[in-house]
């Protein structure tokens, strides 16, 4: 079974600064997908960024980028030029690319609460 | 277009009562997922549907939990004889297909409180 660990329960950053959220995972699979989801106070989870394990290039989406270290099973999220609207809980998640009955299932970490201060 | 909707947004019930939680996925999405978010267990996968069938029910916490999906659209999660440990936010998500490149879009969740 896969596990996802986020070791930072809470983080804070000043507006316009850069912050990095950590995530590690454990799997015996070689091909899989990793995600970062954002959950604002409205509770609605929003996909921030997706990384395919077989791609060495780190994914980027505007101010959001990841540092994917496959050998270390590490997948951190960097938020540049932090904005007040980035305040939310952030979840790291794993999805197997293998077939089977659990295909499509997301396994989440415990979450990191990020607060952006003005 | 409209996103995933869930109803009710909040539900308070007494221990031992049955509850039904509803999820309306995005139109045309064939895959539908239920997750539970609780303080003690974090975010956990419960069940998914591909069309109307649920190939994997192993994530359901107990036999008091059941789910169905009709017409490849609306899904209902039913909890019978609710217990206090069932208190949580129940999230529903849908995606166009079942692959990892098919983004799962989440609803706002139903917050269930069992007194």
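Residue numbers (our numbering), protein chains in the order written: chain A, 1 to 118; chain B, 119 to 233. Glycine included, every Cβ here is placed at the ideal spot set by N, Cα and C. Treat the numbers as computed from the prediction; the structure is a model and nothing was measured.
Integer Cβ distance of residue i from residue j, believed to fall under 8 Å
i                      : j                      : result
residue 138 of chain B : residue 194 of chain B : 5 Å
residue 53 of chain A  : residue 37 of chain A  : The pair is not a contact, with the Cβ atoms about 17 Å apart (cut-off 8 Å).
residue 91 of chain A  : residue 108 of chain A : 5 Å
residue 157 of chain B : residue 178 of chain B : Actually they are not in contact, since the Cβ atoms of residue 157 of chain B and residue 178 of chain B sit about 20 Å apart, beyond 8 Å.
residue 216 of chain B : residue 85 of chain A  : No, residue 216 of chain B and residue 85 of chain A are not in contact; Cβ-Cβ is about 31 Å, not under 8 Å.
residue 167 of chain B : residue 182 of chain B : Residue 167 of chain B to residue 182 of chain B, Cβ: 19 Å. No contact.
Straight-line gap, residue i to residue j (C-alpha atoms, nearest Å)
i                      : j                      : result
residue 117 of chain A : residue 12 of chain A  : 7 Å
residue 149 of chain B : residue 114 of chain A : 30 Å
residue 176 of chain B : residue 162 of chain B : 12 Å
residue 233 of chain B : residue 222 of chain B : 32 Å
residue 152 of chain B : residue 209 of chain B : 6 Å
residue 147 of chain B : residue 214 of chain B : 4 Å
residue 180 of chain B : residue 62 of chain A  : 42 Å
residue 21 of chain A  : residue 8 of chain A   : 7 Å
residue 171 of chain B : residue 211 of chain B : 16 Å
residue 41 of chain A  : residue 227 of chain B : 12 Å
residue 28 of chain A  : residue 96 of chain A  : 10 Å
residue 106 of chain A : residue 14 of chain A  : 31 Å
residue 134 of chain B : residue 10 of chain A  : 36 Å
residue 60 of chain A  : residue 75 of chain A  : 13 Å
residue 198 of chain B : residue 83 of chain A  : 43 Å
residue 184 of chain B : residue 79 of chain A  : 39 Å
residue 160 of chain B : residue 207 of chain B : 10 Å
residue 174 of chain B : residue 124 of chain B : 22 Å
residue 140 of chain B : residue 169 of chain B : 16 Å
Distance CB(residue i)-CB(residue j) smaller than 8 Å
i                      : j                      : result
residue 122 of chain B : residue 225 of chain B : yes
residue 231 of chain B : residue 136 of chain B : no
residue 26 of chain A  : residue 55 of chain A  : no
residue 124 of chain A : residue 39 of chain A  : Nothing can be reported for residue 124 of chain A: it is not among the residues displayed for chain A, which extend from 1 to 118.
residue 23 of chain A  : residue 51 of chain A  : no
residue 191 of chain B : residue 143 of chain B : yes
Extent of the continuous beta strand (DSSP E) to which residue i belongs
i                      : result
residue 141 of chain B : 137-142
residue 205 of chain B : No beta strand (DSSP E) contains residue 205 of chain B, which DSSP labels as neither H nor E.
residue 96 of chain A  : 88-96
residue 48 of chain A  : 46-52
residue 117 of chain A : 112-117
residue 232 of chain B : 228-232
residue 76 of chain A  : 74-79
residue 10 of chain A  : 10-14
residue 131 of chain B : 128-131
residue 149 of chain B : 149-156
residue 4 of chain A   : 3-5
residue 58 of chain A  : Careful: residue 58 of chain A lies outside any beta strand (DSSP E) and carries neither H nor E.
Selected residue, minimal CA-CA separation from residue i, among the options
i                      : options                 : result
residue 57 of chain A  : A:89, A:106, A:42, A:70 : A:70
residue 3 of chain A   : A:85, A:111, A:88, A:94 : A:94
residue 49 of chain A  : B:158, B:146, B:218     : B:218
residue 205 of chain B : B:229, B:144, B:140     : B:229
residue 66 of chain A  : A:45, A:19, A:30        : A:19
residue 132 of chain B : B:220, B:203, B:207     : B:203
residue 155 of chain B : A:98, A:80, A:45        : A:45
residue 220 of chain B : A:83, A:35, A:111, A:80 : A:35
residue 98 of chain A  : A:16, A:30, A:17, A:47  : A:30
residue 43 of chain A  : B:128, B:169, B:189     : B:128
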